[in-house]
Amino acid sequence: MSSLRPDPTSRIHPEPDVVEIDHFDRLPDSLLLLVFNRIGDVKALGRCCVVSRRFHFLVPQVENVVVRVDCVISDDDSSSSAASSDKSRGPFSYLFRVVFGGIVKPLQALGQLLGPRRASVSSGSSSSSSSLAVGSEDVEGQQGGVTHHSPTQVLKNFNEIRFLRIELPSGELGIDDGVLLKWRADFGSTLDNCVILGASSVIHPRKSLNSQDGNSDALCVNYGGDDNGSIPDSFYTNGGLKLRVVWTISSLIAASARHYLLQPIISEHRTLDNLVLTDADGQGVLYMDRDQLEELRVKPLSASSASKRTLVPALSMRLWYAPYIELPDGVVLKGATLVAIRPSEPSPMGKKEMSDLSWVSTAFEEPYGTAVRMLVKRRTYCLEMNSF
Amino acid sequence: MSSPVEQITVVSSDGDEFKMTVAAAMQSEQLKQMLTDDSISIVKVPVENISTEILVKVIEYCQKHADHEAATKANGGGASDSEAEELNKWDAEFMKVDVEDKLFHILMAANYLEIKGLFDLACQTVADLIKGKTPKQIRKIFNLKNDFTPEEQERLSRQHNCSFD
């Protein structure tokens, strides 16, 4: 609530005699800012900038901004893809594509710097690198096409952002229908922690449920008689383990690529308290709080050598598996896997002990939060991974 | 020793008096402070800044939300989803007011009386009116003047990459 009150001697009542009243005139700046802070969408705020001088003065003070990225402009399809593609894609990405095949969409489109590029008309110009783009309306006189700006450019107008949320149009990881894969990663200068939840298949309840279903009480069903939480032996031979490794690595790559992209925005906006980079599919979320943002400004990230992403440090991982989980809303997860990841070296901030798993249970919203809490009760498997 | 108060009277800037139940009045932090302060015995509260027309609306909001809270408590705890949904619908209908006449007045009245729910609702309503509109439409809805010079318009429309219309 605003502590600034309007002048008490001015009366708040409609004045039917006056025709042309500027309604916003009645609002003090602090109240108008509160309204602007509820708009969120950066494009709407951009339009507010050109409404009037007063709006133009106030919009840069908005604290709460949401940027919806419209598209990831990939390298030109028109120009020879071989030539331009090699230029921007590191050997690792190539290797990644070969090894992991159809599981993961090429990440090169995402892995480009958000530089202070001039706005370019997407149709017709040959962009030499791919980037995230926030489309904007046609400027009068421009021939067709939508001009694109990088999120960095679009945010240049704002000086006091505290809460920034950026939404990619879709998750980076291409997964088959019916497969569940979600990740949440917290970063400072480097990865602080990451939680990954996956399931080889997700079955939604049919509308007409058989009310005599005897399993309605059991949430975690004995499947094949093994209920000590162990991973069945077949898992290691039927490709189950390989799939989970792929999920883990590709999620970490997506997360570290996102983190790398954010550098210019973070260094420019020092008033940030909270930064969230998510996607419209709800596949992956990257979080940075005030301390983490400051850490990145003070201690720049280490980039991975070949590709445009942050170096992932050596990791300690815990994995849990359940062949069959039924969630309270009836959704069934088969081959459910939870992976909790932290760097092997404790961070200087020394926040959390590996034994304390509260950060894992709060990683995802319902209904997946419940799935996580069920999975952590099962047998824990520990893994180590080298930096990459 | 003041006896328990069940109703208070609020007086609009036009001099009209309205009775409010205590429960409704408690929706306003300002009024709540007065009511819970035993050293003050309240008979009539003048709200100088708020006209009759607006005060009626504000009281209506407070009463509805007070009733909702009481019903929720009676049901022993959290409101069910459908009840919350119904209240939201009521709020949405409630805010369908003339921008010209009432919207801003309600916003400022809610700010003055510190009625958080109504204040948030009014702010969000104004924000929603702005979202998705062109600058010209925004000016029209709120009767704003385009006070930029032509040179400024030229420069700004390039900078923000949107037309002034």
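These protein sequences, in sequence, are chains U and A. Plus 2 on top of the position in the first sequence (first one is 1) and you've got this note's numbering. Plus 297 on top of the position in the second sequence (first one is 1) and you've got this note's numbering. Where a beta carbon is used, it is the ideal one built from N, C-alpha and C, also for glycine.
Which value, in whole angstroms, describes the spacing of the CA atoms of residue i and residue j?
i: T446 of chain A; j: H58 of chain U; result: 13 Å
i: A406 of chain A; j: P171 of chain U; result: 40 Å
i: K394 of chain U; j: K354 of chain A; result: Summary: the structure shown does not reach residue 394 of chain U, with chain U confined to residues 3 through 390, and so no result is reported for it.
i: P108 of chain U; j: E169 of chain U; result: Confidence at P108 of chain U is low in this model, with a pLDDT of 37, below 50, so the placement of that residue should be treated as unreliable; the coordinate-derived value is given next. Their Cα atoms are separated by approximately 19 Å.
i: L298 of chain U; j: G190 of chain U; result: 6 Å
i: V156 of chain U; j: D43 of chain U; result: 11 Å
i: A321 of chain A; j: K341 of chain A; result: 15 Å
i: V67 of chain U; j: D378 of chain A; result: 29 Å
i: L166 of chain U; j: L410 of chain A; result: 31 Å
i: T372 of chain U; j: L352 of chain A; result: 46 Å
i: E390 of chain A; j: S338 of chain A; result: 36 Å
i: N440 of chain A; j: V53 of chain U; result: 11 Å
i: V61 of chain U; j: E347 of chain U; result: 43 Å
i: C384 of chain U; j: W322 of chain U; result: 9 Å
i: V100 of chain U; j: L400 of chain A; result: Reliability fails at V100 of chain U, whose pLDDT of 39 lies under 50, so the model's placement of it is uncertain and no value is given.
i: D235 of chain U; j: P330 of chain U; result: 29 Å
i: K244 of chain U; j: S306 of chain U; result: 23 Å
i: E314 of chain A; j: I356 of chain A; result: 12 Å
i: A363 of chain A; j: A424 of chain A; result: 26 Å
List the DSSP bridge partners of residue i.
i: V67 of chain U; result: U:L166
i: Y326 of chain U; result: U:K336
i: W387 of chain A; result: Paired residues: none, contrary to the question.
i: P343 of chain A; result: A:V308
i: N195 of chain U; result: U:D188
i: E386 of chain U; result: U:S318
i: L279 of chain U; result: U:I168 and U:L288
i: T318 of chain A; result: A:Q304
i: A342 of chain U; result: U:V197 and U:R320
i: D313 of chain A; result: Answer is none; D313 of chain A lacks a bridge partner.
i: V204 of chain U; result: U:L335
i: V136 of chain U; result: U:H151
Out of the options, which one is the CA nearest neighbour of residue i?
i: A365 of chain U; options: U:E347, U:L34 and U:L340; result: U:L340
i: L313 of chain U; options: U:E328, U:G286 and U:A257; result: U:A257
i: K274 of chain A; options: A:G414, A:Q450 and A:N372; result: It is not possible to answer for residue 274 of chain A, since the shown part of chain A is limited to 298 through 462.
i: A381 of chain A; options: A:M331, A:Y358 and A:E366; result: A:E366
i: H150 of chain U; options: A:K413, A:R455 and A:D388; result: A:R455
i: N385 of chain A; options: A:D395, A:I356 and A:Q421; result: A:Q421
i: L377 of chain U; options: U:R320, U:L36, U:F26 and U:L279; result: U:R320
i: L453 of chain A; options: U:E270, U:L303, U:L35 and U:R55; result: U:R55
i: G180 of chain U; options: U:V334, U:E386, U:I343 and U:P345; result: U:V334
i: D72 of chain U; options: U:G173, U:D27, U:E162 and U:H261; result: U:G173
i: V204 of chain U; options: U:I177, U:K336, U:S269 and U:I233; result: U:K336
i: K361 of chain A; options: A:V344, A:D425 and A:T318; result: A:T318
i: H261 of chain U; options: U:D275, U:T280, U:K244 and U:W249; result: U:T280
i: L2 of chain U; options: U:A308, U:R344 and U:D293; result: There is simply no residue 2 of chain U to check, as chain U begins at 3 and stops at 390 in what is shown.
i: G231 of chain U; options: U:S389, U:L36 and U:A338; result: U:A338
i: W185 of chain U; options: U:A324, U:I255, U:F237 and U:N276; result: U:I255
Given a threshold of 16 other Cβ atoms within 10 Å of its Cβ, counted over all protein chains shown, does residue i qualify as buried or as exposed?
i: G312 of chain A; result: exposed
i: H206 of chain U; result: exposed
i: K310 of chain U; result: buried
i: R381 of chain U; result: exposed
i: D335 of chain A; result: exposed
i: K393 of chain A; result: exposed
i: P369 of chain U; result: exposed
i: G286 of chain U; result: buried
i: Q144 of chain U; result: Confidence at Q144 of chain U is low in this model, with a pLDDT of 38, below 50, so the placement of that residue is unreliable and no value is reported for it.
i: D194 of chain U; result: buried
i: P315 of chain U; result: buried
i: K45 of chain U; result: buried
i: T192 of chain U; result: buried
i: N408 of chain A; result: buried
i: D188 of chain U; result: buried
i: N372 of chain A; result: exposed
i: K370 of chain A; result: exposed
i: Q294 of chain U; result: buried
i: N212 of chain U; result: Because the pLDDT of N212 of chain U is 49, which lies under 50, any placement of that residue in the model is unreliable, and the question is left without a value.
Using the beta-carbon of each residue, which ones in chain U are nearer than 7 Å to residue i?
i: N385 of chain A; result: Simply none; closest approach about 16 Å.
Strictly below 7 Å CB to CB, what residues from chain A border residue i?
i: F26 of chain U; result: F439 and L441
i: D43 of chain U; result: K428
i: R40 of chain U; result: C420, Q421 and A424
i: V37 of chain U; result: C420, V423 and A424
Report the neighbours of residue i on chain A: residues whose CB is nearer than 9 Å to its CB, in chain order.
i: C51 of chain U; result: P432, L453, Q456, H457 and C459
Chain A partners of residue i, CB-CB under 8 Å?
i: S54 of chain U; result: R436, L441, K442, N443, D444 and F445
Using a Cβ-Cβ cut-off of 8 Å, state whether residue i counts as contacting chain C.
i: F315 of chain A; result: Any reference to chain C falls outside this structure, whose protein chains are U and A.
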